[in-house]
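Trainee:
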Amino acid sequence: MLQPIEQLRASARRLGETLVPRTNDSIIPVWSGEGISLDGDLPDYIVFWDKDVRLARALESMGIRLYNRADAIEVCDDKSLTYMALARRSIPIPRTVVSPLRFVDGGDIRGFAERTVERLGLPLVAKDCFGSFGQQVSLVDTTDDLVSLISSKPTVPMVFQEFVSESRGRDVRINIVGGRFVAAMGRQACDGDFRSNITNGGSMFPYSPSEEEISVAIDSCKALSLDFGGVDLMFGKDGPVVCEVNSNAHMKNVLDCTGIDVSEHIMGYILERES
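When the letters of the sequence shown are read in order and numbered with the numbering used here, they come out as residues 30 to 304.
Right under this line is the structure:
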């Protein structure tokens, strides 16, 4: 079973609550002319540690409270929607351009690439809109490389961002629960990688965030309607810049690094809301 699920179950037990783990393929809502139904008794709430937004919406339509909600999960899962929502709230993000999707041949891709480079500079960061652990993220050095990348993924939604060189290979993960700061850890890349993800070999260390960093992280979770989230911040020349926001950020590294069990805060928040 996934480690975060076991961590949440253990925290729930300590608080006198029982969580029953279910996989998304074991929950089968049925759509019909009479609405959406589910066999058996409905749970009081669900800790939805998944990205199956269709299932989340079906469960919500039956009146079940999800933590996090379907809308929040969807926006966090699609990086283009994440940055759009943050930009609308004037939260600091790198300058970002969304790739055009091409389901048929045509379009001036070189022209688009040149205009993107004019706006963002080089090198620039390319990210698939759907991906985790720093995968599907690359540093693009030339316009030709950008043209090749876009051409190789004509139907894959992507975002392109200015490279925050001041934060190369380092960032901070801040965990927010119920609009409050819970824990933070710094991350440092190894072997010259511009990504700092632990799964890519990076190292971690306890970190004491500034009031500004905490404020940006809290505002980011509010902008995305998250009950809880992990906010990755880069070190921009003018202050913190949001790299990504995770609706189901893994918690073991934070526990190992800081001694703080984020799952206890999540379950405490949920049980307070459900009481």
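Glycine included, C-beta positions come from ideal geometry on N, C-alpha and C.
In angstroms, rounded to a whole number, what distance separates the CA positions of Val274 and Arg43?
Mentor: Approximately 28 Å between the Cα atoms of the pair.
Trainee: Is the stretch 147 to 154 close to the stretch 186 to 201, with three or more CB pairs under 8 Å?
Mentor: Yes, the stretch 147 to 154 is in contact with the stretch 186 to 201.
Trainee: Leaving out five residues before and five after Tyr74 in sequence, what residues of the same chain have Cβ atoms less than 6 Å from its Cβ?
Mentor: Cβ neighbours of Tyr74 beyond the five flanking positions: Arg94, Glu303.
Trainee: Starting from the C-beta of Ser254, find all residues in its chain whose C-beta is less than 7 Å away, skip the five residues before and the five after it, and write them out in chain order.
Mentor: Excluding positions up to five away in sequence, the list reads Arg98, Asp100, Ala101.
Trainee: According to DSSP, is Met252 helix, strand or coil?
Mentor: Residue 252 is actually Ala in this sequence, not Met. Helix at Ala252.
Trainee: Can you tell me which residues form a DSSP beta bridge with Val169?
Mentor: BP columns for Val169 point to Leu153.
Trainee: For Pro186, tell me which candidate among Ile289, Ala218, Asp157, Gly207 has the shortest Cα-Cα distance.
Mentor: Taking only the C-alpha atoms, the option nearest Pro186 is Asp157.
Trainee: For Ala218, does the three-state DSSP call read helix, strand or coil?
Mentor: Residue state, collapsed to three classes: coil.
Trainee: Between the beta-carbon of Ile243 and the beta-carbon of Phe264, is there less than 8 Å?
Mentor: No, the Cβ-Cβ distance between Ile243 and Phe264 is not below 8 Å.
Trainee: Is it buried or exposed for Gly288, if we count other Cβ within 10 angstroms and need 16 for buried?
Mentor: Exposed is the call here.
Trainee: Secondary structure at Asp73, three-state DSSP: helix, strand or coil?
Mentor: It is coil, neither helix nor strand.
Trainee: Under three-state DSSP, which class holds Phe141?
Mentor: It is helical.
Trainee: Between Ser292 and the rest of its own chain, which residues show a CB-CB distance below 6 Å, the 5 nearest in sequence each way excluded?
Mentor: Gln36, Leu37, Ser40, Met280, listed in sequence order.
Trainee: Could you tell me whether any Cβ in chain D is nearer than 8 Å to the Cβ of Met214?
Mentor: Absent from the structure is chain D; it holds one protein chain and no more.
Trainee: What's the C-alpha gap between Cys250 and Asp261?
Mentor: Taking the straight line from one Cα to the other gives about 11 Å.
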